[in-house]
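With my numbering, the residue at position 192 of the sequence shown is 245, and numbering never jumps.
Structure first, commentary second.
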Amino acid sequence: MLRVRPVHFTSRTESWKQLLTTLGMVQTEDDGGWQVFDSASGRVALHSAEADSGQDGRTVLAVEVGDVAEFARRTNLSAQEESPQEGTAEGAGPAELVTADHGDACRISAPDGFSFLADKAAHFAQCADADPALAVAAVWYTADPEGAVRTLLHIGARPRPVPDNDETADFTAKNGGVLLVRPATGQPRSGLGFEYDGGLEPLQERLTAAGLTASLTEEAFGSTLHVANPDAGGPNAPATVWISQRRPMG
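Pasting the structure below:
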């Protein structure tokens, strides 16, 4: 299995909880400083952080899998099949089993120096009460889009058609969520957003009714809703959280 579940570090967990639940997500885990919210496609974990710390307002890409060791084996096998001359030495390959603060995990390392964790899923079913139109979108900003694409293919992400032939790339995960590769200068980094399969106006009304500031913009390939980021003003946080209207190709 493969599910998108980025981790967002914040000192404003209550404000984020309000935003996520208003978007239509349902809280499924609450361990104080660790809270998980399910959408119909993908999850978001909130991790408490000290205010104004280096982590506050930062999102890290992460995924959930069924069996960490098997996931690592399949990822490395896929990489070796693509480049037989690589990965022949013991321990070589993009996937490495590690012991994280929360237990056993698999670290995936990419050619651009970016890495992310695959954790064993705490539970496997998506919440039936979540808004069926909402999907979690994790973004990988990188100066090496080709390397990012290869890495996501190795972990089993499924390519999705994109509107044009630039260096952007979209993927879906078998068990929920979207992974987006976007070209960018500087150090590779993660981002968090959402997709909505339907009109954004009712969602905007729902957010506004909850006291959240939300503005709608028309863009080249669809509409995007921008909601005030609870972490705005910090060094790690953009001013808004975006929700794009999903318009399938073809």
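Virtual Cβ for every residue (Gly too), placed ideally from N, Cα, C.
The model shown is predicted, which means the values in this text are computed figures rather than measured ones.
Check                                                                                                                      : Outcome
With 16 other Cβ atoms within 10 Å as the buried cut-off, status of T270                                                   : exposed
Start-to-end residues for the alpha helix (DSSP H) that takes in P212                                                      : Per DSSP, P212 belongs to no alpha helix (DSSP H); it is in the beta strand (DSSP E), 211–213.
Residue environment, T23, which counts as buried when at least 16 other CB atoms sit within 10 Å                           : With the chain covering 54 to 303 only, the question about residue 23 has no answer from this structure.
Beta strand (DSSP E) segments (min. 3 residues) lying fully within the segment 76–160                                      : 79–83, 87–91, 96–101, 115–118, 148–153
Status (buried if at least 16 other CB within 10 Å, exposed otherwise) for G95                                             : buried
G146 classed as buried or exposed, judged by whether at least 16 other C-beta atoms fall within 10 angstroms               : buried
From K70, G107, D84, G77, residue whose alpha carbon lies closest to that of A93                                           : G77
Local conformation of S64 per DSSP, three classes                                                                          : coil
G251 versus I296: straight-line alpha-carbon distance, rounded                                                             : 11 Å
C-beta atoms of V215 and A171 nearer than 7 Å                                                                              : no
Reduced DSSP secondary structure (H/G/I, E/B, other) of H176                                                               : coil
Counterpart residues of P255 in DSSP-defined beta bridges                                                                  : BP columns for P255 are empty, so no partner.
Sequence-distant residues of the same chain with beta carbon closer than 7 Å to N228, five excluded per side               : M54, L55, R56
CB contact flag (A196, L114, <7 Å)                                                                                         : no
DSSP bridge partner residues for Q298 (one or two, in chain order)                                                         : Y249
Nearest candidate by alpha-carbon position, reference V294, set R58, R259, L73                                             : L73
R58 in three-state terms, based on DSSP                                                                                    : coil
A257 burial status per 10 Å Cβ neighbour count (16 or more: buried)                                                        : In the sequence as displayed, the identity of residue 257 is Gln instead of Ala. That one is buried.
Beta-carbon spacing of T128, A163 below 7 Å                                                                                : no
D15 burial status per 10 Å Cβ neighbour count (16 or more: buried)                                                         : What the structure shows of the chain is the stretch from 54 to 303, and residue 15 is not part of that stretch, so it cannot be assessed.
Beta-carbon contacts of T141 that lie in its chain and below 6 Å, excluding the five residues immediately before and after : Confidence at T141 is low in this model, with a pLDDT of 43, below 50, so its placement is unreliable and the value that follows should be read with caution. The answer is none, since no qualifying residue turns up.
Those residues which DSSP pairs with E271 across a bridge                                                                  : S276
Beta bridge counterpart(s) of D284 as assigned by DSSP                                                                     : According to DSSP, which records beta bridges pairwise, D284 is partnered with nothing at all.
For A148, the nearest candidate out of G239, R58, Q133, A281 (CA to CA)                                                    : Q133
From R126, P137, V121, residue whose alpha carbon lies closest to that of A153                                             : V121
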